[in-house]
Structure formats: C-alpha cells, structure tokens
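**Student:**
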Amino acid sequence: MAKTIQREHYLDYIRATLMLLGIPFHVSLVYSAHHWVVNSTPESLTLSLFNDFIHAFRMQVFFVISGYFSCMLYQRYPLKKWLNVRLTRLLIPMAAAMVLITLPQFWYILHHTSGIGDWDQANLWQKANICVWYLVSHLWFLLTLSLLTVISAPLLNAIVNRGLWSKVSTDMLLPIFIALGVVFAVLHKLCATFMPGVTGSALFNFLVVNTLMYFPFYLLGAVAFVHIKHKENITRVSFSDGLIAAASVGLYMLNENTQVFAPLQLSVQFCLIFIIGLTMTKVVLTLGHRLLNRESRGVTYFVGASLFIYLVHHPLTIIYGSLMENAHPNPFVGFIIGVTLVVLGSLALYEIHRRVPLLRYLFSGKPQKPVVNSLK
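Every position in the sequence shown, counted from 1, becomes a number in our numbering once 34 is added.
1. What residue from Leu383, Val242, Leu254, Arg196 has the CA that sits closest to Phe175's CA?
2. With distance defined between alpha-carbon atoms, name the residue in Thr374, Val166, Phe259 nearest to Arg41.
3. Determine the closest residue to Lys411 out of Asn291, Val184, Thr147, with distance taken between C-alpha atoms.
4. Enumerated in chain order, which unbroken segments of the alpha helix (DSSP H) with a length of 4 residues or greater are wholly contained in the segment 276-327?
5. Are the Cβ atoms of Val98 and Gly322 separated by less than 9 Å?
6. Starting from Asp86 and walking both ways along the alpha helix (DSSP H), at which residues does that stretch end?
7. For Trp174, report the span of its alpha helix (DSSP H) as first-last.
8. Go ahead and pull the three-state DSSP assignment for Leu55.
9. Cβ atoms of Thr147 and Val61: under 9 Å apart, would you say?
10. Helix, strand or coil for Met229, going by three-state DSSP, please let me know.
11. Touch check for the segment 104-112 and the segment 156-174: three-plus C-beta pairs under 8 Å?
12. To the nearest angstrom, report how far apart Leu246 and Thr178 are at their CA atoms.
13. Within the same chain, show all residues whose beta-carbon is closer than 7 Å to that of His43, passing over the 5 residues directly before and after it, in chain order.
14. For Val302 and Phe308, which I take to be in contact (beta-carbon distance under 8 Å), what is that distance rounded to the nearest angstrom?
15. Could you tell me how far apart the beta carbons of Tyr102 and Gly255 are, in whole angstroms, since I believe they sit closer than 8 Å?
16. For Asn289, which residues of its own chain have a beta-carbon under 8 Å away from its beta-carbon, when the five flanking residues on both sides are left out?
17. Leaving out the 5 sequence neighbours to the left and right, which residues in its chain are closer than 6 Å to Leu350 when beta-carbon positions are compared?
18. Relative to the alpha-carbon of Ile352, which residue among Met93, Thr80, Tyr168 has its alpha-carbon at the smallest distance?
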C-alpha cells in the first residue's frame, strides 16, 4: 500500500508556522482587549486586531493540512495500522502534556493569577467544568484530531476507493462552505437556547463544537490529496478569492471588537469562520507553494520542534503575563519582550527534551532514533 510521493515541503513549513504562530497569538492576548487568563494594561487595539487576524484562519488551514497528511497515511497503511499510528502520535503527546504541562499550568493559574477568581464560590459541577477547561486547555486540537481520525475512517475509504467528491465542481466549494457555516450557526443557536447549561460546558465545546466545526476542513484536505482538481483549486488563489478573504476577515475583526452584529455575534462568527477557512486556505497554500516549496535545514529544525514548542509555549506565556500584569509596559514593548522570552524558553526546553529519550517519545508518540543536530 506504500506509495512514492514527492515531499511537499511547503505543507510542512505552513503546518509548522501555524503551530508556532501560537506564540505571538497568545502573547498578544495578554495586551489585547480580549479577556484571557492574564491581561496587562494598557490595552492595545492594534494587538487585539493582530490577535483576531491570526485567530480568524489559523486553525482551519491547520486542519486542512492535517486532513491531507492523514489521507496520505491512510493510503500507505491498512486501516488498523493507520489508526494505531495516528492515535499513538496524537494521544501519547496529549496525555503526557496533560500531566506534565496543563496540570501544573492549572495549579499556577489557580494560585498566581486572577483567571479563576470565582473558584471558591463555585459548586461541584462548576469546579469540574473549570478543571476540564484548564486541563485540556490548548491541547484541544490534539483531542479534536483524535476524534476526527476515528470518525473520518469511513469517509476516507469512500474518498480514496469510491471516488467520493470527485464529481463535485470546485466552483461549488464556496457555496457549500457558506451553507455549512449557516447550518452550524443555527444548530449552535438552537442548542444555546434550549440547552444553555450543556452548550456552555467544556465537554460540549471540546467534543462536539470543535469536532463539527473543523470536520469539513479536515475532509477538504483529504479530498485535495486524492483529487488533483481540488488540490489545484486550493493552491491557486483567484482575485475574487482574495477579495472575499479580505472582506470576511475584516468583518470577523469588526464582529470581535464591536457590537455591530449583536445579539447574533457568535452566529456571525461561526458563519465567517467557514468562509474565511476556505478562502484563506487558498491564500496561505498558494503563497506557501510559491515561496516555501524547498528544503531548508533551519526550517526543517522548526518543523520538528513545532509541536513541542506549541505544547510548552502556553504555560510560559501565562507565567510571563502574570509577572507583567502589574508592570504596565508599553503594549508593543511588552509584546516584543514576551515573544522573545517565550521563544527562547521554548527552544531551551526543546533542546533539553531532545536529549532525554523518554521525553522525546512522550511528546512525539514515535519510536526514537539517536538525536542528530539538524542545524549543522
């Protein structure tokens, strides 16, 4: 079942870049107008907009690329082997990070920040819900990828072996994703209206909302791997695609920072996420294909480091933000200092972990080989 496939370096680079963008994304949250675990003053509208811009498209594009690589592995291995490889590489790092990263992070937030200020007044259910939010934390994407792996197997079989989606015109993708966004927004609004307690819970958001939201993007990546016309479509942005992407991202930022669309603010956000996800996927993959489709040792190093850096940067950002809450620096100065310190701290921890075989296994889920310095 193995196939010889030319390495598409730009997809590796984009995936790693999207992971590493978590650092400026979370550091900018510290100085933005958006409520987070830690917030410093004064707030910066520019950093709020910068944060919104990254958040508007980053994870949709990430799940498209994940679906592409997942389908590549699906063609390489039998089903049981594929499930074993995928879930091992996802669940082992998630479990290790929960114990070694998010559990200590939760303790730090509880005792050294005001992020969970109502803990003492919370009842048992509320405390359980808070624990789920903060123990899963930024690991939600690993949980979502694990769920998508399990539920996508029948559809991947249909895409690979039965030609599913092969007859769908590329011109129909945008109407399809607009319709999906509207349907998703309506269903979420109905759930919030009739089951507010369930809809606001951590488990519902992690297991249902995120899975349903990113499933279409994951499948789009799988379709692009199998059907060349769809791959060419998402790696070639048109002028109209660029206009739609710019307009939808602008509306997303407006929706996040004003009350223009209230009380349908969340529904508008969901609709825009689907439109932005498709159009910005085209923009990002087109630019990546043209500019990054080459091998580089330095970039390869960060490709290998991206997952670990993503896992550890979050608590480092929270520690930095908690120390700076009362320092009140200029937001841009604080942002630059924060990004620099978090990057350096993450790289230092990555180099330490590379030299400990057990840690390398726990944070990759892969059998380990001797470490080779890829920067030489």
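Ideal Cβ placement from N, Cα and C applies to all residues, glycine included. This one's a predicted model, so the numbers in the text were calculated from it and none came from an experiment.
**Tutor:** Taking the structure as given:
1. Cα-wise, what sits closest to Phe175 is Val242.
2. Just measuring C-alpha positions, the residue of Thr374, Val166, Phe259 sitting nearest Arg41 is Phe259.
3. As displayed, the chain neither begins before 35 nor continues past 410, which places residue 411 out of reach and without an answer.
4. Taking only runs of at least 4 residues, the alpha helix (DSSP H) segments lying wholly in the segment 276-327 are 299-325.
5. no
6. 79-110
7. 174-195
8. The three-state reading of DSSP puts Leu55 in coil, since its state is none of H, G, I, E or B.
9. no
10. coil
11. no
12. 9 Å
13. Leu326, Asn327, Arg328, Glu329
14. In fact, because the Cβ distance is near 11 Å, the residues do not count as touching under 8 Å.
15. 4 Å
16. Phe295, Gln299, Val302, Gln303, Leu306
17. These residues qualify, in order along the chain: Val376, Gly379.
18. The candidate whose alpha carbon is nearest that of Ile352 is Tyr168.
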